[in-house]
Amino acid sequence: MKAFKMLFTFLILLGVAGSYAQIQELYISDAGNFDSPPWQILKFDANGENPQVFIDDHLAWPQDIVFLENEGTVLISNLNTNQIAKFDATTGAYLGDFATGISGPTRMKIHSDGLLYALQWTGTGKVFRYQLDGTFVDEFTSQGVTTSIGLDWDSQGNLYVSSYNNNLIRKFDTNGVDQGIFINSNLQGPTNIWFDENDNLYALNWNGSTVSHFDSEGNFIGSFITGLAQPEGVAFLENGNILIGNGGNGSVKMFGPSGNFLEDVVASGTANLLQPNAVVLREVIPNAISEITEETNFIYPSQGTAFYLDSAKAIDLKSIAIYHASGGLLKTVEVKSGLVWDASSTTAGTYILVGTTSDNRLLSQRVLVVK
Numbered sequence: 159m160k161a162f163k164m165l166f167t168f169l170i171l172l173g174v175a176g177s178y179a180q181i182q183e184l185y186i187s188d189a190g191n192f193d194s195p196p197w198q199i200l201k202f203d204a205n206g207e208n209p210q211v212f213i214d215d216h217l218a219w220p221q222d223i224v225f226l227e228n229e230g231t232v233l234i235s236n237l238n239t240n241q242i243a244k245f246d247a248t249t250g251a252y253l254g255d256f257a258t259g260i261s262g263p264t265r266m267k268i269h270s271d272g273l274l275y276a277l278q279w280t281g282t283g284k285v286f287r288y289q290l291d292g293t294f295v296d297e298f299t300s301q302g303v304t305t306s307i308g309l310d311w312d313s314q315g316n317l318y319v320s321s322y323n324n325n326l327i328r329k330f331d332t333n334g335v336d337q338g339i340f341i342n343s344n345l346q347g348p349t350n351i352w353f354d355e356n357d358n359l360y361a362l363n364w365n366g367s368t369v370s371h372f373d374s375e376g377n378f379i380g381s382f383i384t385g386l387a388q389p390e391g392v393a394f395l396e397n398g399n400i401l402i403g404n405g406g407n408g409s410v411k412m413f414g415p416s417g418n419f420l421e422d423v424v425a426s427g428t429a430n431l432l433q434p435n436a437v438v439l440r441e442v443i444p445n446a447i448s449e450i451t452e453e454t455n456f457i458y459p460s461q462g463t464a465f466y467l468d469s470a471k472a473i474d475l476k477s478i479a480i481y482h483a484s485g486g487l488l489k490t491v492e493v494k495s496g497l498v499w500d501a502s503s504t505t506a507g508t509y510i511l512v513g514t515t516s517d518n519r520l521l522s523q524r525v526l527v528v529k
C-alpha cells in the first residue's frame, strides 16, 4: 500500500510538473570585444526572461559552454588563455582547469563515445579528445583545420569541422582519418554547423547574413535563413524551433523549423550582451521528480546510447522508468544485469531514469543520449 501511494503521488506530481517547473534554462557566452573584455556567461529562462550574470571571472574570450550534469560542473573554452575552465554548474563558481595545453579552444561537444571533442583555433588545428574528468585522450584527427570553430557528425559517425578563415568544411571518418574538403563554396566565415535527420548540413555564415543549406553530398541547396548579422551559437528547442546568436546587434533570434523568423528571444543588448558566440539550452530536472526522489548514480555511462545497471552500487531495484526531461513517461524497462536501455533509436537529449528499490525508495539519475 505504501508503494502504491508513493507511485500515485509521483505520477500526480509529474502530471502537473509542466505547469510550474522551469524545464529549460538558456545560457549565452558573450565574447564582448573579442580578444578584450568585457566577457560574461549569461543565464536566462528559456523564454529569454530573468537575465542574470552567471559567470564573469576566469574568462578570456570565451567560446563555448558544455554542462557535465552528473559532475555538477560546466566547462567554458577560453581562446585567449589556451584552457578549458571548469565552474560549478549551479553557482558559477570557478573550480579550476579542466584542460590546458590546447591552442585557442573554440567549440566543444560530447560524442556518443562519451568523450569531449574540442576544436583548436590555432596550433595544429587538430581535434583534441578528453575523458570527462579532463584526462587527455588523443589528437583525434589526422589533419589540422586552421581557425576551426564548428563541428558535428553525420548519421554514419563521420566528423565534420568548419574553418572560419578558409571558408570550408572538412570531413573525417569515424577513426579521424582525413577524407578531404567536403564543402568550399557558398560559405562566408562558417561558425556552427549541424546535420538534420536526413544528413542535410547547415552552416552559420558569420561574415554573411545567412545560414547555408547543403544536401548529404555537400551540394548547395540555398539559404535556409537570411537577415542575420554575425551569427554564432545555435540551440534547438523540442518543437523544432532554432535559437541563433546574432552578434550584429547583441541578440538571440528564434526561427521556425522551416527557417522563418519568429521573434527575438533575447532582445538587443539585454544584460549588456555584446557578442553572443554560444547559445546553450540546459534541461533541468522537473521539480516534481527532484522533490520526491533521491538523486544518485545507479546507471552507467552518463552519456551515450547504451546504458547499464551499475552492479557495483549493490542497489536492489524492482523497476526502472524513463522520463523525458519535461516529465513525460517514455517507457519502463526490465531490471537486469548488463544492458538496461538501448537508446540508439531515441531522440538525443536529456532523460531521467527513476528506479524503485525493494524497500520502495525512488531514485533518480539524469542521463544524456548523444549520437
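Numbering (the numbering used here), first residue to last: 159 to 529.
For each residue, glycine too, the CB sits at the ideal point set by N, CA and C.
Just so it is clear, the structure is predicted and the values come from calculations on it, not from any experiment.
Spatially closest choice to residue i from the options, by CA coordinates
i: F298; options: D291, N324, Y322 and D336; result: D336
i: N238; options: Y322, N435, Q210 and S194; result: S194
i: F532; options: Y318, L277 and F212; result: The requested residue 532 is not part of the displayed model; the chain covers only 159 to 529.
i: V438; options: K267, I242 and K244; result: K267
i: I383; options: F394, V392, V369 and F256; result: V369
i: R328; options: S522, Q346 and G302; result: G302
i: L432; options: N407, E452, T248 and L488; result: N407
i: E375; options: S313, H482 and E227; result: S313
i: P220; options: S522, G391 and S477; result: G391
i: A470; options: N455, S409 and S477; result: N455
i: D296; options: T282, T305 and T514; result: T282
i: S270; options: G513, A506 and E183; result: A506
i: N518; options: F465, E452, Y481 and Y466; result: E452
i: L497; options: L520, D468 and L521; result: D468
i: I478; options: Y185, R440 and R524; result: R524
i: K489; options: L511, A472, S502 and I473; result: L511
i: I213; options: L226, Y185, N240 and E227; result: Y185
i: N316; options: N342, G347, P348 and W352; result: W352
i: G417; options: N430, R440 and G385; result: G385
i: D331; options: D310, N323 and G347; result: D310
i: Y360; options: N323, N350 and G366; result: N350
i: Q241; options: E227, V224, P263 and Y252; result: P263
As assigned by DSSP and simplified to three states, the class of residue i
i: N530; result: Because residue 530 is not part of the residues shown, which for the chain are 159 to 529, the question remains open.
i: S261; result: coil
i: S522; result: strand
i: S469; result: helix
i: A425; result: coil
i: E396; result: coil
i: E452; result: strand
i: N228; result: helix
i: N435; result: strand
i: N430; result: helix
i: A247; result: coil
i: T504; result: coil
i: F211; result: A small correction: the amino acid at residue 211 is Val; Phe does not occupy that position in the sequence shown. Correct three-state label for V211: strand.
i: G254; result: strand
i: D336; result: strand
Spatial distance of residue i from residue j (CA atoms)
i: N191; j: G405; result: 11 Å
i: F527; j: W499; result: Here residue 527 is Val; the residue named in the question, Phe, does not match the sequence. Each residue's alpha carbon lies about 11 Å from the other.
i: E492; j: L475; result: 10 Å
i: S261; j: I307; result: 12 Å
i: T258; j: W279; result: 14 Å
i: P389; j: V423; result: 15 Å
i: G427; j: L401; result: 16 Å
i: I379; j: D373; result: 7 Å
i: F413; j: S495; result: 44 Å
i: L273; j: L395; result: 24 Å
i: T463; j: Y509; result: 11 Å
i: R265; j: D222; result: 6 Å
i: Q180; j: D203; result: Note on Q180: pLDDT 40, under 50, position unreliable in the model; no value is reported.
i: S321; j: R287; result: 18 Å
i: Q346; j: S516; result: 59 Å
i: S300; j: N365; result: 28 Å
i: G334; j: I450; result: 44 Å
Bridge partners - residue i, DSSP secondary structure assignment
i: Y509; result: H482 and V525
i: L497; result: Y466
i: D203; result: E183
i: I379; result: According to DSSP, which records beta bridges pairwise, I379 is partnered with nothing at all.
i: T514; result: S477 and L520
i: A361; result: I351 and S370
i: E297; result: F286
i: I447; result: In the DSSP output, where bridge partners are listed per residue, I447 has none listed.
i: W311; result: L317
i: Q278; result: P263
i: V410; result: G403 and V424
Distance cut-off 8 Å: residue i Cβ against heavy atoms of the ligand MN
i: N418; result: As presented, the structure is devoid of all ligands, the ligand MN included, so that no description of it is given.
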